[in-house]
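In order, the protein sequences belong to chains W and Y.
With numbering that gives the first Met the number 0, the residue at position 65 of the first sequence is 64, and numbering never jumps.
With numbering that gives the first Met the number 0, the residue at position 180 of the second sequence is 179, and numbering never jumps.
C-beta atoms are modelled at their ideal positions from N, C-alpha and C, and glycine is treated no differently.
Since this is a predicted model, take the numbers as computed values, not measurements.
Below is one structure, written out as structure tokens; comments come after it.
2 protein chains.
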Amino acid sequence: MRVGIVGAYSTGYELRSEREAWELLEEAVRGALNSVEKGISGEDIDLVIVSNFSDRFGGILHTVPYALSLLGRTSAKGVRVENACASGGTALYLAWSMARAGLARNVLVVGFEKMSHQPTAAEANEVLMAAGHPEEILAGAPFVSLYAMIAKAYMDRYGATEEDLALVAVKNHENGLRNPLAAMRRKVTVEDVLKSPYVSWPLKLYDSSLISDGAAAVVVSAEPRRFTDAPVYIEGMGLAHDTPGIFERPDITELRAMRFAAEEAFRISGLGVKDVHILEVHDAFTIAELIAYEMLGLAKRGEAAKLLREGIVMFGGEKPVNPSGGLKSKGHPIGATGVGMAAEIFWQLRGEAGSRQVEGAERGLMENHGGTGGTVAVAVFSR
Amino acid sequence: MRVGIVGAYSTGYELRSEREAWELLEEAVRGALNSVEKGISGEDIDLVIVSNFSDRFGGILHTVPYALSLLGRTSAKGVRVENACASGGTALYLAWSMARAGLARNVLVVGFEKMSHQPTAAEANEVLMAAGHPEEILAGAPFVSLYAMIAKAYMDRYGATEEDLALVAVKNHENGLRNPLAAMRRKVTVEDVLKSPYVSWPLKLYDSSLISDGAAAVVVSAEPRRFTDAPVYIEGMGLAHDTPGIFERPDITELRAMRFAAEEAFRISGLGVKDVHILEVHDAFTIAELIAYEMLGLAKRGEAAKLLREGIVMFGGEKPVNPSGGLKSKGHPIGATGVGMAAEIFWQLRGEAGSRQVEGAERGLMENHGGTGGTVAVAVFSR
Numbered sequence: 000m001r002v003g004i005v006g007a008y009s010t011g012y013e014l015r016s017e018r019e020a021w022e023l024l025e026e027a028v029r030g031a032l033n034s035v036e037k038g039i040s041g042e043d044i045d046l047v048i049v050s051n052f053s054d055r056f057g058g059i060l061h062t063v064p065y066a067l068s069l070l071g072r073t074s075a076k077g078v079r080v081e082n083a084c085a086s087g088g089t090a091l092y093l094a095w096s097m098a099r100a101g102l103a104r105n106v107l108v109v110g111f112e113k114m115s116h117q118p119t120a121a122e123a124n125e126v127l128m129a130a131g132h133p134e135e136i137l138a139g140a141p142f143v144s145l146y147a148m149i150a151k152a153y154m155d156r157y158g159a160t161e162e163d164l165a166l167v168a169v170k171n172h173e174n175g176l177r178n179p180l181a182a183m184r185r186k187v188t189v190e191d192v193l194k195s196p197y198v199s200w201p202l203k204l205y206d207s208s209l210i211s212d213g214a215a216a217v218v219v220s221a222e223p224r225r226f227t228d229a230p231v232y233i234e235g236m237g238l239a240h241d242t243p244g245i246f247e248r249p250d251i252t253e254l255r256a257m258r259f260a261a262e263e264a265f266r267i268s269g270l271g272v273k274d275v276h277i278l279e280v281h282d283a284f285t286i287a288e289l290i291a292y293e294m295l296g297l298a299k300r301g302e303a304a305k306l307l308r309e310g311i312v313m314f315g316g317e318k319p320v321n322p323s324g325g326l327k328s329k330g331h332p333i334g335a336t337g338v339g340m341a342a343e344i345f346w347q348l349r350g351e352a353g354s355r356q357v358e359g360a361e362r363g364l365m366e367n368h369g370g371t372g373g374t375v376a377v378a379v380f381s382r
Numbered sequence: 000m001r002v003g004i005v006g007a008y009s010t011g012y013e014l015r016s017e018r019e020a021w022e023l024l025e026e027a028v029r030g031a032l033n034s035v036e037k038g039i040s041g042e043d044i045d046l047v048i049v050s051n052f053s054d055r056f057g058g059i060l061h062t063v064p065y066a067l068s069l070l071g072r073t074s075a076k077g078v079r080v081e082n083a084c085a086s087g088g089t090a091l092y093l094a095w096s097m098a099r100a101g102l103a104r105n106v107l108v109v110g111f112e113k114m115s116h117q118p119t120a121a122e123a124n125e126v127l128m129a130a131g132h133p134e135e136i137l138a139g140a141p142f143v144s145l146y147a148m149i150a151k152a153y154m155d156r157y158g159a160t161e162e163d164l165a166l167v168a169v170k171n172h173e174n175g176l177r178n179p180l181a182a183m184r185r186k187v188t189v190e191d192v193l194k195s196p197y198v199s200w201p202l203k204l205y206d207s208s209l210i211s212d213g214a215a216a217v218v219v220s221a222e223p224r225r226f227t228d229a230p231v232y233i234e235g236m237g238l239a240h241d242t243p244g245i246f247e248r249p250d251i252t253e254l255r256a257m258r259f260a261a262e263e264a265f266r267i268s269g270l271g272v273k274d275v276h277i278l279e280v281h282d283a284f285t286i287a288e289l290i291a292y293e294m295l296g297l298a299k300r301g302e303a304a305k306l307l308r309e310g311i312v313m314f315g316g317e318k319p320v321n322p323s324g325g326l327k328s329k330g331h332p333i334g335a336t337g338v339g340m341a342a343e344i345f346w347q348l349r350g351e352a353g354s355r356q357v358e359g360a361e362r363g364l365m366e367n368h369g370g371t372g373g374t375v376a377v378a379v380f381s382r
């Protein structure tokens, strides 16, 4: 059973949307249905999966009946899922596996988050911290500090520098300039990043992704050619987990579950990282993108930054990573993020990515993770 | 594929637990695994489904890696689900359907909620309201008011009385006296209920279920005889939805999705309401239990209260409903509720329900709903 994406939509991501969370959700649902070339009705959808992190970001729960009501009266079923920042990837995994197993024919996957529902970044951060290990929560360690410890360990072991981290931010902000959906279209230089204030040493403001608002949706189908002549197939997926706390891991310079999820997606798809032309990876912090290169097999351990210095992962390079601008420039409205990655790859593989189009992109990969890699979803797509 | 429950556990439900949410979760996970007669290890579990309503009730998100860590290092996958008060039933539905389709062999379903995380009932109520239709939230209508409108319409149409509603509370509190897990073991009389203060006319304090804390877990298996000689089979389930808002429905005296979910469960199981010996239904408010009798086919429209007056649904009657004490006496820790219902029926069908044991209980039914019936899960079990 070859399951494919037949429609996709994303709201623009914004730092502070003037709209309510349910309005963002509604725009994404309607947009995804309307994007299906041969037409799809609410009655064709038999499963709705909503991805959302916290009702403290948006004020709404029990969003499945609301999403269903936007489809008109149907006999569809639905569930909202949450796996921290990997909620979207988890939703896609569930849609893909259930469609593949015959539990659903056509699945609407919609993710949303309105993080500006919290008045300040400090308060938003408090919500995010709930995704840590209970002992990390009690210790008061925000994710930027947990990733800072990972970055410190990585720098110590491999001699990586703060400039190496900065190169990720520079690339992704450069890419985001080409993406009208990106929340922060602003060019930054290595110097800008290095001069930005430390949030948790060695991570600075510009090493961190954006607290933002947005929604994205894709339609996953077990009968893709019924709805479009140009589906994007989900050739394989992996979903893997690690300990909730980084203090429980033997080596914090790796994100094991990322490797496990990628191995699973590669095994199922029969494809490898060498076969993909474009990657969207979870750069919640710059260090995470560097480690992703290594976990996904793009670089040897400790050699991630070479890919940036040699231009390989740049737009126009051999393996562009985050041509969308990534979480860094595009934004990271938690529940939407993984779904938005799938939407981006859908557009790229169909040649619909406008000025950020990667030439010759026929296969793509997304990596979406939650917490400090306690949950990772990886998908491999082909047109 | 006949999928069965092979182990179950519930913490005691409490009005205000002294323990943290993750401690309740841990007790339930360990308890369910330890309850499996022939033994089960963390490595046998390939899917974990966590049911939880809001991180405002417990302060934790991304609970899947935490639950997995309690199983020891495994290659299991997991997802947290939320469908308001039907989160537990939805989790069970997903476990059953995925095990049945071969997507998992053994699934740990665990639900928890620590509602006393909010300091007052008013603040807890504000969290609960997020499960309403956006317009109901904006209007400031709590669920007790929405159910009060349903009760008013039902009373107007069928001549039902406040005493009819009170009989539900009296029965369930009487039943709860026999349940050591119940949060409020207190006998109440019809007079007590009628004299309790109105919360939203015609619903009074004693027409309402309890804000409470607790966790419950069940192990669902596609190979039940491997783990116990006395599994409780899930013979069929239904999951159905209705409009998120009651103002969108043609007739608010019925909860349509309850009928649809029951019809689906009956069709799949080949069993009917006549075949079950015990029912656990979602008496979040007394009116909901009366309407459940009618939607499930126990009573004709408008005749629900007869079942109470004639003793049919009483402990010792022909069709005992909520021998556990129901949400009314046992408590309603949102994410745990549906999972706890399945645990109760597991014990009843195995003859392990102690002084609340229903003699001759061989088949049972659970009905768990969210919001004002925007999501309903129904399951039919047999031993």
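What did DSSP end up calling residue i once you bin it into helix, strand or coil?
i: W/Glu247; result: helix
i: W/Tyr197; result: strand
i: Y/Leu270; result: coil
i: W/Ala378; result: strand
i: Y/Ile59; result: coil
i: Y/Phe284; result: strand
i: W/Arg258; result: helix
i: Y/Met294; result: helix
i: Y/Ala335; result: helix
i: W/Ser220; result: strand
When the cut-off is 8 Å and only beta carbons count, does residue i lie next to chain Y?
i: W/Asp45; result: no
i: W/Val78; result: yes
i: W/Ser96; result: yes
i: W/Ile59; result: yes
i: W/Asp212; result: no
Span of the alpha helix (DSSP H) holding residue i?
i: Y/Gly30; result: Ala20 to Asn33
i: W/Ala90; result: Ser86 to Arg99
i: W/Ile149; result: Phe142 to Tyr157
i: W/Ser50; result: Unbroken run through W/Ser50 is the beta strand (DSSP E), Leu46 to Ser50; no alpha helix (DSSP H).
i: W/Val2; result: Element bounds for W/Val2: n/a, residue is neither H nor E.
i: Y/Phe111; result: No alpha helix (DSSP H) holds Y/Phe111; the beta strand (DSSP E) holding it covers Asn105 to Lys113.
Is the Cβ-Cβ distance between residue i and residue j less than 8 Å?
i: W/Val49; j: W/Ala75; result: no
i: Y/Leu209; j: Y/Leu14; result: yes
i: W/Ser211; j: W/His331; result: yes
i: Y/Val167; j: Y/Leu70; result: no
i: W/Ala342; j: W/Ala260; result: no
i: Y/Ser328; j: Y/Asn174; result: yes
i: Y/Tyr292; j: Y/Leu306; result: yes
i: Y/Gly373; j: Y/Thr227; result: no
i: Y/Gly58; j: Y/Ala66; result: no
i: W/Ile333; j: W/Met114; result: yes
i: Y/Val192; j: Y/Ala165; result: yes
i: W/Asn105; j: W/Val218; result: yes
Just confirm the distance between the C-beta atoms of residue i and residue j, as a whole number of angstroms; I'd bet it's less than 8 Å.
i: Y/Gly244; j: Y/Glu125; result: About 18 Å separates the two Cβ atoms, so there is no contact after all.
i: W/Val272; j: W/Leu297; result: 6 Å
i: W/Ala304; j: W/Ala159; result: 6 Å
i: W/Ile344; j: W/Glu262; result: Not confirmed; about 20 Å, so no contact.
i: W/Val80; j: W/Leu60; result: Contact flag wrong, Cβ pair sits at about 13 Å.
i: W/Gly310; j: W/Ser86; result: At roughly 33 Å, the Cβ-Cβ gap does not stay under 8 Å, so W/Gly310 and W/Ser86 are not in contact.
Is the shortest distance between the beta-carbon of residue i and the beta-carbons of chain W less than 8 Å?
i: Y/Asn82; result: yes
i: Y/Arg55; result: yes
i: Y/Phe52; result: yes
i: Y/Ser68; result: yes
i: Y/Pro133; result: yes
i: Y/Asp163; result: no
Could you spell out the range, first to last residue, of the beta strand (DSSP E) harbouring residue i?
i: W/Gly77; result: Lys76 to Glu81
i: W/Glu279; result: Ile277 to Val280
i: W/Arg308; result: Run containing W/Arg308: none in the beta strand (DSSP E); it sits in the alpha helix (DSSP H), Ala303 to Arg308.
i: W/Glu234; result: Val231 to His240
Exercise. Closer than 8 Å, Cβ to Cβ, to anything on chain B: give me those residues from the stretch 364-381 of chain W, in chain order.
Key: You won't find chain B in this structure, because its protein chains are W and Y.
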